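Trainee: Numbering (my numbering), first residue to last: 90 to 217. Don't be surprised by glycine CBs; every beta carbon is placed ideally from N, CA and C. Every value quoted in this text rests on a predicted model; they were computed, and no experiment measured them.
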């Protein structure tokens with residue numbers, strides 16, 4: 090087994106990542122400021138009007154919406170994040186050995202059980 094210090098490493102190993110993060114944040118800030126100060130500013134009535142994908146707005150935006158859209162979005166995020174957990178396993182496949190294999194197999198089992206539960210409850214059926 091590895092000790093925590095071996096797994097995490099020393100703080101000096103993270104210095105390049107910190108420097109890159111600072112440069113990225115600085116670049117983003119400079120680009121946003123430059124576009125704000127150098128870009129054209131023409132506030133016409135057409136430009137200040139509400140715009141939805143080129144379609145004229147009709148009716149009130151405060152109408153009730155089906156919960157199915159939100160449910161599918163939440164389920165997508167949930168399962169998408171779960172799939173992301175497979176990447177560290179794939180990178181450390183050899184060093185984890187059989188213990189890692191059984192842990193990932195258990196993870197996939199929970200993942201599959203949750204997906205089966207969602208299907209059985211009819212969360213992805215669109216007949217309404």
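Answer yes if the region 117-137 comes into contact with the region 156-172, meaning at least three C-beta pairs across the two stretches below 8 Å, and no otherwise.
Mentor: no
Trainee: With H, G and I counted as helix, E and B as strand and the rest as coil, what does DSSP make of residue 210?
Mentor: helix
Trainee: Determine the direct distance from the alpha carbon of residue 194 to that of residue 183, and round the result to whole angstroms.
Mentor: 15 Å
Trainee: Less than 8 Å separating the beta-carbons of residue 199 and residue 174?
Mentor: Taking 8 Å as the Cβ cut-off, residue 199 and residue 174 do not qualify as a contacting pair.
Trainee: Tell me the residue span of the alpha helix (DSSP H) that contains residue 124.
Mentor: Start and end: 104-127.
Trainee: In this structure, does DSSP put residue 195 in helix, strand or coil?
Mentor: helix
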